[in-house]
Amino acid sequence: MELVFPVTGHSFMPPDRVFGNIEKSIRKMEIITSPEVHVDVISQHSTVTKLRDIPVLDWKTSIHSIVKTPAQIHFKISQCKRFIIRRSKTQGSVLVRGELYYNSDMGHPKSLCKAGKKAEAIRPTIIPSGIEVNPLKLRDVRNLLQKHYGDSWKDLAHLRYFHAVLNTRQR
20 MELVFPVTGH SFMPPDRVFG NIEKSIRKME IITSPEVHVD VISQHSTVTK
70 LRDIPVLDWK TSIHSIVKTP AQIHFKISQC KRFIIRRSKT QGSVLVRGEL
120 YYNSDMGHPK SLCKAGKKAE AIRPTIIPSG IEVNPLKLRD VRNLLQKHYG
170 DSWKDLAHLR YFHAVLNTRQ R
């Protein structure tokens, strides 16, 4: 597999066009009062997958003892324009080669794993969903809602999301 990165600052990737279209749609809206509005706008331009519907794996801690750090890798990641990733003939070994130029093949493929380790040993755990929101942030949100909508903001239907979040987090 070959990954090619264009010059920094120049993007020809389809996701950038999608983000541009989403930004254009959101800019036309004056007020967004619920996450569902964001989901609706994004779903007009792409497929939406909610984090609560899929398991999120903790790759960062699971690769710590197996994969080399960026300083230990045999090429400088920030300077490379192409990465060639190849599965080696030995079980569980992946070889990576970084190329500084688009048309050269001067690098040597080596494993990103530490000595004696194999990629198949990586076993990420599932990260539990949900985080505890800082009480000061909740207070600030409550104050902004009262300032903008008055004391009766809890009765407004389009602010049900905030009412639910503030009530569940107060307990």
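As numbered in the working numbering, residues 20 to 190 make up the sequence shown, in order. Note that beta-carbon positions come from the ideal geometry of N, C-alpha and C, so glycine has one too.
Straight across, the Cα-Cα distance linking Glu139 with Ile103 is about 19 Å. Nearest C-alpha to Phe94 among Arg71, Ile73, Thr80 and His127: His127.
For Ile103, the secondary structure class from DSSP, reduced to helix, strand or coil, is strand.
Look at Gly126 here: in three-state DSSP terms it is coil, with no helix or strand label. With contacts defined as CB atoms closer than 7 Å, Asp77 and Pro143 qualify as a contacting pair. Between Ile85 and Lys136, the C-beta gap is smaller than 7 Å, which places the two residues in contact. Arg116 carries a strand assignment under DSSP once its states are collapsed to helix, strand and coil. Three or more pairs of CB atoms, one per stretch, sit closer than 8 Å, so the region 44-53 contacts the region 164-181.
By the Cβ-count criterion, Glu49 is exposed, with fewer than 16 other Cβ atoms from all chains shown falling within 10 Å of its own Cβ.
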